[in-house]
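In terms of numbering that gives the first Met the number 0, the sequence shown opens at residue 0 and continues consecutively. Below is one structure, written out as structure tokens; the observations come after it.
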Amino acid sequence: MNTPLRPQTLECRVNGQHQRWEVTSAAMLLHVLRNDAGLNGPRLGCGLGQCGACTVWVDGQAARSCCIPALEMQGREITTLEGLPGLGLQAVPQAFIDAQAAQCGYCLNGMIMMAARLLRDQPDADDAAILRTLSGNLCRCGTHVEILQAVRLAAQRLREAA
């Protein structure tokens, strides 16, 4: 006989704001962020943590939210695409827009989150570092050249703003 999953309280910070939800042990972080927090940045791609569309930061480190149990985020700090402006990283998503780095745009959440993390830590990152950082994120439309240009543009803008 299957027993129903009992909701438990999850308290964490999302984009600098304290959040509290009732979630079951089966809930993945991605679903809580999208369905309960109403955030559309992280997207469900493969559901296996391999494509990168669901990338968020957990305590400042990139993580694949589709395969992280939400209850493991108790007391943690989560940053989504929507939270980048609050960290002074609004130049990164804007550079992707200005460089027209999207065709379908589905992969961009992960690309932007990974690029922002790289540029936060290495504002002078070269092409090799950018390519290494983005290598785990899939873009099936083939806009890799434009994505690389967008990260270069974001790096330039962040350096100029510093």
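Note that beta-carbon positions come from the ideal geometry of N, C-alpha and C, so glycine has one too.
Does the beta-carbon distance from residue i to residue j come in below 8 angstroms?
| i | j | result |
| --- | --- | --- |
| Leu152 | Ala98 | yes |
| Gly74 | Glu10 | yes |
| Ala154 | Leu130 | no |
| Cys106 | Leu70 | no |
| Glu81 | Arg12 | no |
| Leu238 | Thr78 | It is not possible to answer for residue 238, since the shown part of the chain is limited to 0 through 161. |
| Pro6 | Thr23 | yes |
Identify whether residue i lies in helix, strand or coil by the three-state DSSP scheme.
| i | result |
| --- | --- |
| Arg33 | helix |
| Thr54 | strand |
| Arg5 | coil |
| Arg12 | strand |
| Pro122 | coil |
| Thr132 | helix |
| Ile96 | helix |
| Gln60 | strand |
| Gln148 | helix |
| Arg42 | coil |
| Gln18 | strand |
Among the residues of its own chain, which have a CB less than 7 angstroms from the CB of residue i, if the five just before and after it don't count?
| i | result |
| --- | --- |
| Ala115 | Leu83, Leu88, Val91 |
| Gly48 | Arg63, Cys65, Cys66 |
| Gln102 | Cys140, Thr142 |
| Met0 | For Met0, the pLDDT reaches just 48, beneath the cut-off of 50, and the residue's location in the model is therefore unreliable, although a value from the coordinates is still provided. So no residue of the chain qualifies. |
| Thr8 | Arg19, Glu21 |
| Ala160 | Ala90 |
| Ala36 | Val13, Gln18 |
| Ala124 | Leu117, Leu118, Ala154 |
Under 8 angstroms by Cβ, that's how I've got residue i and residue j pegged, so tell me the actual separation to the nearest angstrom.
| i | j | result |
| --- | --- | --- |
| Glu145 | Ala100 | 4 angstroms |
| Cys126 | Leu157 | A small correction: the amino acid at residue 126 is Asp; Cys does not occupy that position in the sequence shown. About 16 angstroms separates the two Cβ atoms, so there is no contact after all. |
| Leu28 | Met72 | 6 angstroms |
Just to confirm my understanding: we take residue i, look at its own chain, exclude 5 residues before and 5 after, and list those with CB closer than 6 angstroms. What are they?
| i | result |
| --- | --- |
| Pro68 | none |
| Ala26 | Ala69 |
| Leu38 | Leu32, Thr79, Glu81 |
Beta-carbon within less than 8 angstroms of residue i's beta-carbon, same chain only, minus the 5 sequence neighbours each way: which residues are those?
| i | result |
| --- | --- |
| Cys50 | Gly44, Cys106, Gly109, Asn136, Leu137 |
If we count Cβ pairs, one from each stretch, closer than 8 angstroms, do we get three or more for the segment 52–59 versus the segment 99–112? Contact between the segment 52–59 and the segment 99–112 is present, because at least three Cβ pairs lie under 8 angstroms.
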